[in-house]
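A.B. asks:
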Amino acid sequence: MPISLVSVIVPVYNGLPHLDVQLRALEAQDYKGAFEVIVSDNGSTDGTREYVASLSSSLTVRCVDASRIRGVSHARNVGMDAARGEFIAIVDHDDSVHPGWLTALTREAENFDAVGGPIELYSLNSPEVASWSGAPTPEQRLDTFHLPWAQGNNFGMWRNVVEQVGYYDEKLTNGGDDVDYCWRIQQAGLTLGHAPEAVVAYRLRTTLGGCFAQGRKYGGAACVVAVKHRSRGCPQLSPLVQVPAHLASLGLMLVARNPWLRRRSHSVPREIWAQHLGLQYGAMVMRLRLLNPRVRTEIDGQWQES
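Residue 903 in our numbering is what sits at position 183 of the sequence shown, and the numbering runs on without skipping anything.
(1) When burial is assigned at 16 or more other CB atoms within 10 Å of the CB, is ASN797 buried or exposed?
(2) Quick one: give me the first and last residue of the alpha helix (DSSP H) that SER776 is part of.
(3) In three-state terms, what does DSSP make of PHE755?
(4) Can you give the Cα-Cα distance for SER816 and GLU747, rounded to whole angstroms?
(5) Under the three-state reduction of DSSP, which class applies to ALA941: helix, strand or coil?
(6) Shortest alpha-carbon distance to LEU867 belongs to which of VAL899, MET877, ASN894, PHE832?
(7) Here's the rule: buried if 16 or more other CB atoms are within 10 angstroms of the residue's CB, otherwise exposed. What is GLY909?
(8) Leaving out five residues on either side along the sequence, give the residues of the same chain with a beta carbon under 7 Å from the beta carbon of GLY820.
(9) Extract the residue ranges of the beta strand (DSSP E) inside the region 809–851, only unbroken runs of 3 or more that lie entirely within it.
(10) Given that a residue counts as buried once 16 or more other Cβ atoms are within 10 Å of its Cβ, and exposed if not, what is PRO959?
(11) Between the alpha carbons of ARG950 and CYS943, how many angstroms are there, rounded?
(12) What does a CB cutoff of less than 7 Å around THR780 pick up in its chain, not counting 5 residues either side in sequence?
(13) For the putative contact between PRO731 and ASN762, defined by C-beta atoms under 8 Å, what is the C-beta separation to the nearest angstrom?
(14) Let me make sure I understand the geometry here. Which of GLY1002, MET1004, ALA921, GLY935 has the alpha-carbon closest to that of HIS818?
(15) Check whether the region 783–796 and the region 834–852 touch, using three or more Cβ-Cβ pairs below 8 Å as the test.
(16) Rounded to whole angstroms, how far is the Cβ of GLY939 from the Cβ of GLY1021, which I believe are closer than 8 Å?
(17) Report the residue from GLN871, TYR771, ALA754, VAL741 whose alpha carbon sits nearest the alpha carbon of LEU725.
(18) Return the residue from the list GLN995, SER764, PRO847, ARG782 that minimises the CA-CA distance to ARG790.
(19) By the DSSP assignment, the beta strand (DSSP E) with ASN874 in it spans what residues?
(20) Specify the secondary structure class of ALA946 as computed by DSSP and reduced to three states.
(21) Taking Cβ to Cβ, would you say SER760 is nearer than 7 Å to VAL784?
(22) Closest by CA to THR857, which one among HIS914, LEU822, ALA745, GLU848?
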């Protein structure tokens, strides 16, 4: 049965000029059905709302106010509340969907409750920057030590998933929100698929500091998500085991894999090194915090089921 309407949600905070690239890519979709675009503005001060209001486009676009709480999860949630479609797709403002993205995503969704797609790195990044990070092949879904997941910048679901699973977790402000949501979908007995042809061009960080900061956030967030899902079967290792492992990894990276200390022909790109260093550092800091019973109780208490 054809979908009557798809709602594409684009959370944004001070996203110009990248937002224009994404909206032009959505305008170029080969999807034959009807779809609307909801720009969920998380409190931008760069003229985002005025830009959307003045946009000359064949798209059906509207901007909604998601400024009450800072964070991408809140912006996604406000966008979902505003969505009129029976199928909801979510992308990031600073990426760019391929022309066949929505067609492929909705086609694969005929077999699943929710579905994700792959990213590619060469459309929005220079060849040098794109070489810093290796994306999985389009056919590879994203797996974890617990359950598969789909990236929040390339994701779609039927409205009944929102009704059954609820909103994105607005407490997860440093990442992990997409992993958490995908795990919750599967824990609710719903299915998560992968659409290899629903490709999104992904914009990478371009500085050492940006790569390290992103890795640090994601490393800490992964630990928090694992703690949240402990009562739902997520495997746990003691921080007493994990902290030494992170220390060993940091030592290895600072000495044996440091691009400034190795011959150029054998070193990894500095940006990959910085991101991986950040991942280990962020995870180690969070594991150390979890050694404190008060912190552990505080984190657990955020998600105690009523």
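Virtual Cβ for every residue (Gly too), placed ideally from N, Cα, C.
C.D. replies: In this structure, then:
(1) buried
(2) No alpha helix (DSSP H) holds SER776; DSSP gives it neither H nor E.
(3) It is a strand residue.
(4) 11 Å
(5) For ALA941, the three-state secondary structure derived from DSSP is helix.
(6) VAL899
(7) exposed
(8) ASP750, GLU917
(9) 834–836
(10) buried
(11) 11 Å
(12) Spatial neighbours of THR780 in its own chain (CB-CB distance under 7 Å, excluding positions within 5 residues in sequence) are listed in chain order as GLU756, VAL757.
(13) Their Cβ separation, rounded to whole angstroms, is 6 Å, which keeps PRO731 and ASN762 in contact under 8 Å.
(14) ALA921
(15) Cβ pair count under 8 Å is below three, so no.
(16) Between GLY1021 and GLY939 the Cβ distance is about 22 Å, and since that is not below 8 Å, they are no contact.
(17) ALA754
(18) When each option's Cα is compared against that of ARG790, the closest is SER764.
(19) 874–878
(20) helix
(21) yes
(22) HIS914
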